[in-house]
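Residue numbers (this note's numbering): 50 to 189.
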């Protein structure tokens, strides 16, 4: 059985990271690009959001005795197989893992403008993720 309090704490952390990003996301992309403090805050909070989501996914997989994932992206699909996350949501949200990996491991290869635009466009998906996880917890 999943540790509901732990998961709720992690969901609250995600909400906090999103709230920290909100004032930065109000700036135009070129303003963020021109200010390393804004850019690094954006990158770090994005990384923390994705890392926390992966932590939640792996916790649920372990406590529900689901099969082990081969990588972080697969954690979403395993939760989909278990009917915890809907497939249409997984397909639009799971690519954040790849984007996070680019930020963390291959910064020189990243299109920073695209990163900023993708985060601005998709940040609300973390809230949708929280709703799906909360629905799962209500039934767990």
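The C-beta atom is built at its ideal place from N, Cα and C for all residues, glycine as well.
Reduced DSSP category for residue 132 - H, G, I as helix; E, B as strand; rest coil: coil
Endpoints, alpha helix (DSSP H) assigned at residue 175: 174-188
CA nearest to the CA of residue 90, picked from 189, 164 and 181: 164
Classification of residue 130 by the beta-carbon crowding that lies within 10 angstroms, buried from 16 upward: exposed
Element boundaries [alpha helix (DSSP H), containing residue 150]: 145-154
CB of residue 168 within 8 angstroms of CB of residue 76, strictly: no
Touch test, the segment 170-186 against the segment 64-71, Cβ-Cβ under 8 angstroms, three pairs minimum: yes
Distance CB(residue 103)-CB(residue 179) smaller than 8 angstroms: no
Residue 71, DSSP secondary structure in three states: helix
Where residue 86 falls, given that 16 or more other Cβ within 10 Å makes a residue buried: exposed
Coil, strand or helix - residue 83 by DSSP: coil
Burial state of residue 106 (16 or more Cβ within 10 Å): buried
The alpha helix (DSSP H) enclosing residue 115, as first and last residue numbers: Premise fails: residue 115 is in no alpha helix (DSSP H) and is neither H nor E.
Residue interval of the alpha helix (DSSP H) (run including residue 158): Premise fails: residue 158 is in no alpha helix (DSSP H) and is neither H nor E.
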